[in-house]
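S.K.: Have a look at the structure that comes next, please.
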Amino acid sequence: MQCNITGCELGAPIFRSQNTVSITSLMQSVKMPTEVYYSSVCGHIRTKQLDNLDEFYDQDYEILLNSEEEDQLYRVENGKNIFRSEHQANTLLKKVNFVDGAKLLDYGCAKAGTTRVVSEERPDIDVYLFDVSRMHESSWQKFVKSSNYASHTLKKEWNNTFDVVTSYFAMEHVLDLKKMLSNIHKLLKSGGIFYFIVPDVMKNIADFIVIDHINHFTSVSLKYLLSRADFEVIEIDENAHDSAFVVKCKKGNQSGNFVPSDEELKTIQNKVTEMSRYWNNIQSRIREFESNLNDTDKAVIYGSGFYGTFISTVLTDLNNISCFVDTNPYRHNVKLFDKPIVPPEQIPLDTTVMYVGLNPSVAKTVIEELDTSELRELEYCFL
């Protein structure tokens, strides 16, 4: 196994899942173990890729296809749902100074929800879209003319034309990072801005075992990657987006030579070891909790995302789970493992147990803020 940034051999995996079923970022089950590797050269973490990677993204990566309006819930503030596209668009417009008529390309855009919000806020921006799949073209056509989007292959006439290229949660899926960054470098004008968001695995430990996230970036590995791809790093913001890096860099003219310190690499390796230990132990903890329940207990799983899905794959008996609970209204019309997804106020009255399938760093705070008094008497299983 080679590092996606340096190309060096990585040796034995630092983590290998205990079972043969892994989970994708879209909560799909895949029959292969998750293997995670660490590079002591650049501080990068990578996962062994899916066998049918190109086919998976072209045909199976069906993100937010249920409706034009469907979006992912980012946060709940004072009882109000804040969706990801809205937050990402607002953050971009704060961090990047777009001149009137600027040309913007969303690279790896999928549904392009964020860029659609940007175009509504700034109709003067000339928007373009690119993705490795055509499944979202009907969404693109709602706000971009056909000459301004492409799938699978970039248009040669686009080279050296863009003021800004964006990428939202795409680079973690890319096997050939050097090719992607080379493409983006060619697309940008001299001094053009590359702005992107990728998960921060140190703040969201679930990212460590997402089977289709080939890359798990650290601030150190990002600097190493960008400096050698002729980009000048302007900012790596670890706070503007929950559990993610918001990166702003500029097209440069020559490769850099950023080298991480031994102390930085040691700190990252220690954290990677901790994450590996966490996921090796958590399955046993969940099953031990389950084994101590009474036959009369009725359980629900809070969270229908990755963590909730993970809990479902670990439990030995899903018959005792009545439903999943989620505050995102776009999740309430679908089922997960043949169980309904309901808002907190519709939790069955006979519920006695709740498995909390949320990011451990925020899970207790989220549960404490729920405005449902009946939930306070439940027995909880936190990850």
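Heads up, the sequence shown is in the working numbering, so the first residue is 691 and it goes up one at a time. Don't be surprised by glycine CBs; every beta carbon is placed ideally from N, CA and C.
#1: Can you look up Pro1030 in the DSSP assignment and give me helix, strand or coil?
#2: State the start and end residues of the unbroken alpha helix (DSSP H) segment that holds Phe979.
#3: Am I right that Lys793 and Ile883 are in contact with their C-beta atoms under 8 Å? What's the rounded C-beta distance?
#4: Pull up the distance between the alpha-carbon of Asp814 and that of Ser836, whole angstroms please.
#5: Taking C-beta to C-beta, are Phe935 and Asp890 nearer than 7 Å?
#6: Which one of Asp741, Asp987, Tyr914, Gln778 has the shortest CA to CA distance from Tyr865?
#7: Have a look at the DSSP bridge pairing and note the partners of Asn905.
#8: Report yes if the C-beta distance between Ser1002 and Pro1038 is below 7 Å; otherwise report no.
#9: Have a look at Leu763 and Asn982 and give me their C-alpha separation to the nearest angstrom.
#10: So if DSSP puts Arg706 in a beta bridge, which residue, or which two residues, is it bridged to?
#11: Considering only residues of the stretch 845-895, which uninterrupted beta strand (DSSP E) runs meet the minimum length of 3 residues and lie entirely inside it, listed in chain order?
#12: Which value, in whole angstroms, describes the spacing of the CA atoms of Met1044 and Ile976?
#13: On the DSSP bridge list, what partners appear for Arg765?
#14: Relative to the C-alpha of Lys1054, which candidate in Thr999, Asp1040, Ile1031, Gly993 has its C-alpha closest?
#15: Beta-carbon within less than 6 Å of Ser719's beta-carbon, same chain only, minus the 5 sequence neighbours each way: which residues are those?
#16: Under the rule that 16 or more other beta-carbon atoms within 10 Å means buried, what is Leu754, buried or exposed?
#17: My assumption, with CB atoms under 8 Å, is that Phe859 sits in contact with Val834. Please give the rounded CB distance.
#18: Please identify the residue among Ala919, Gln959, His931, Ser841 whose C-alpha is closest to the C-alpha of Lys941.
#19: With respect to the beta strand (DSSP E) encompassing Glu1069, which residues constitute its N-terminal and C-terminal limits?
#20: Taking C-beta to C-beta, are Ile704 and Val726 nearer than 7 Å?
#21: State yes or no: is the C-beta of Phe1000 within less than 7 Å of the C-beta of Ile713?
#22: CA-CA distance, Thr957 and Leu716?
M.R.: According to the structure shown:
#1: The DSSP-derived three-state label of Pro1030 is strand.
#2: Here the alpha helix (DSSP H) through Phe979 covers 952-981.
#3: So it is not a contact: roughly 11 Å between Cβ atoms.
#4: The alpha-carbon of Asp814 is positioned some 18 Å away from that of Ser836.
#5: With a cutoff of 7 Å on beta-carbon distance, Phe935 and Asp890 are scored as near each other.
#6: First, the residue type needs correcting, since residue 865 is Leu and not Tyr in the sequence shown. Answer by Cα proximity: Asp741.
#7: Answer by DSSP bridge pairing, in chain order: Arg736.
#8: At the C-beta level, Ser1002 and Pro1038 stay beyond 7 Å of one another.
#9: Asn982 has its alpha-carbon roughly 33 Å from the corresponding atom of Leu763.
#10: For Arg706, which the question treats as bridged, DSSP gives the partners Glu725.
#11: The DSSP assignment places 852-858, 878-889 as complete runs of the beta strand (DSSP E) inside the stretch 845-895, in order along the chain (cut-off: 3 residues).
#12: Cα-Cα distance, rounded: 12 Å.
#13: Ile772.
#14: The residue from Thr999, Asp1040, Ile1031, Gly993 with its alpha-carbon nearest to that of Lys1054 is Gly993.
#15: Answer for Ser719: Val711, listed in chain order.
#16: Only weak support exists for where Leu754 lies, its pLDDT of 39 falling under 50; the value from the coordinates is given anyway. When all chains shown are included, Leu754 counts as buried.
#17: 20 Å between Cβ atoms; not a contact.
#18: For the options Ala919, Gln959, His931, Ser841, the alpha carbon positioned closest to that of Lys941 is the one of Ala919.
#19: Element bounds for Glu1069: 1069-1072.
#20: Contact: yes.
#21: Their beta carbons are under 7 Å apart, which means Phe1000 touches Ile713 by this criterion.
#22: Cα to Cα, Thr957 sits roughly 30 Å from Leu716.
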